[in-house]
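Trainee:
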Amino acid sequence: MTFVVASTALGVIILYGEKGIGLAPFLSKFSSVKMVGKKGCVPIIDYKQIEKATGNFKESNILGEGGFGCVYKARLDDNLDVAIKRLNCECQYAEREFENEVELLSKIQHPNVISLLGCSSNEDSRFIVYELMQNGSLETQLHGPSHGSALTWHMRMKIALDTARALKYLHEHCYPSVIHRDLKSSNILLDANFNAKVSDFGLAITDGSQNKNNIKLSGTLGYVAPEYLLDGMPAQLSTISMHMHWSHKLIHE
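Sequential numbering of the sequence shown, starting at 1, is according to the UniProt record's numbering.
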């Protein structure tokens with residue numbers, strides 16, 4: 001595996017070649033953000049800056065809510081707009097999902113996978129900082145106030161193809177392969193040009209990391225492949241089945 005050592009305002013960063021590329025190009029924009037350390041190769045951002053960036057977690061900055069917490073729109077000190085996921089550590093599995101997502105995304109870089117920019121924590125919560133996706137989730141586009149009116153047939157086809165490209169990368173070009181396990185419309189995010197990116201890797205695993213005897217069934221009912229429910233085996237096929245399920249809805253709604 002080849003690698004390059006790059007010097008930035010954050011210090012020396014190791015950028016891995018092809019199958020383990022480190023952080024996204026956005027990293028160079030963190031010129032004035034206070035770092036308090038590293039988690040692997042991921043910058044740890046000072047919690048006070050997380051608090052300031054979200055307006056002290058102002059309700060009007062909430063982009064979405066899930067089982068473990070909220071995602072906020074935020075602006076860092078160098079006027080970089082980002083999305084910050086806040087995970088409540090009182091929720092079961094939140095800590096594990098935080099560790100899992102940071103570890104996996106720190107090794108992934110692809111145009112159709114969300115970019116990890118940093119992380120942070122305090123006593124009660126864990127925070128993951130991502131690039132901001134201006135057009136929100138596919139679910140919001142389809143079922144929000146616009147009811148899909150902004151999505152032309154061509155856009156819908158491109159979203160399905162973008163997601164397929166992400167899965168091909170995760171399954172065939174990551175080693176070991178990454179299996180998402182919770183691919184659904186709320187986890188497909190759209191940028192300013194409606195390019196689609198797969199997000200939320202909290203439930204993802206690497207191929208071979210779990211076996212039939214110790215696996216915990218995960219994912220959203222209605223999207224989970226039948227062989228996963230019957231067998232308990234998270235194969236690449238199960239994620240492809242999820243993609244086919246929501247792609248059919250995307251094209252026909």
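C-beta atoms are modelled at their ideal positions from N, C-alpha and C, and glycine is treated no differently.
Between the beta-carbon of Val129 and the beta-carbon of Lys39, is there less than 8 Å?
Mentor: No. Outside cutoff.
Trainee: Can you tell me whether DSSP reads Asp162 as helix, strand or coil?
Mentor: Three-state DSSP puts Asp162 in a helix.
Trainee: Have a look at Gly144, Asp191 and Lys48 and flag the residue whose alpha-carbon is nearest the alpha-carbon of Ile159.
Mentor: Minimum Cα distance to Ile159 is reached at Asp191.
Trainee: From Val198 to His180, what does the alpha carbon distance come to, in whole angstroms?
Mentor: Answer to the nearest angstrom: the Cα atoms are 9 Å apart.
Trainee: Compare the beta carbon distance of Leu105 and Ala83 with 8 Å and say whether it is the shorter of the two.
Mentor: No.
Trainee: When we look at the beta-carbon of Met133 and count the other beta-carbons within 10 Å, is it buried (16 or more) or exposed?
Mentor: Buried, since its Cβ has 16 or more Cβ neighbours within 10 Å.
Trainee: Verify whether the separation of the beta carbon atoms of Asp77 and Gln49 is less than 8 Å.
Mentor: A contact, by the Cβ cut-off of 8 Å.
Trainee: In the DSSP assignment, find the beta strand (DSSP E) that holds Ile62 and state where it starts and stops.
Mentor: Note, Ile62: beta strand (DSSP E), Ile62 to Gly66.
Trainee: How is the alpha helix (DSSP H) around Lys48 delimited, first residue to last?
Mentor: Here the alpha helix (DSSP H) through Lys48 covers Tyr47 to Ala53.
Trainee: Just to confirm before moving on: does the CB-CB distance between Asn88 and Ser125 stay below 8 Å?
Mentor: Going by C-beta atoms, Asn88 is nearer than 8 Å to Ser125.
Trainee: Would Tyr72 pass as a contact of Asn61 if the rule is Cβ separation under 8 Å?
Mentor: In contact: Tyr72 and Asn61 (Cβ atoms closer than 8 Å).
Trainee: Taking the straight line between their C-alpha atoms, what separation do you get for Ile188 and Leu151?
Mentor: When rounded, the distance between both Cα atoms is 14 Å.
Trainee: Starting from the Cα of residue 263, find the closest Cα among Gly118, Leu170 and Glu123 and give me that residue.
Mentor: In the structure displayed, the chain extends from 1 to 253; residue 263 sits before or after that span and is not available.
Trainee: Taking only three categories from DSSP, how would you classify Asn88?
Mentor: In the structure shown, Asn88 sits in a strand (DSSP, three-state: E or B).
Trainee: Going by the beta-carbon positions, is the gap between Ile44 and Ser120 smaller than 8 Å?
Mentor: Closer than 8 Å, so yes.
Trainee: Would you kindly work out how many angstroms separate the C-alpha atoms of Val42 and Phe98, rounded to a whole number?
Mentor: Going by the C-alpha atoms only, they are around 13 Å apart.
Trainee: Let me check understanding here. Comparing Cα to Cα, which of Met157, Arg86 and Lys58 lies closest to Gly66?
Mentor: Ranking Met157, Arg86 and Lys58 by Cα distance to Gly66 puts Arg86 first.
Trainee: What is the DSSP secondary structure of Phe127, reduced to helix, strand or coil?
Mentor: Of the three classes helix, strand and coil, the one that applies to Phe127 here is strand, per DSSP.
Trainee: Within a Cβ cutoff of 7 Å, which residues of the same chain sit near Arg75, ignoring the five residues on either side of it in sequence?
Mentor: Excluding positions up to five away in sequence, the list reads Ala53 and Asp81.
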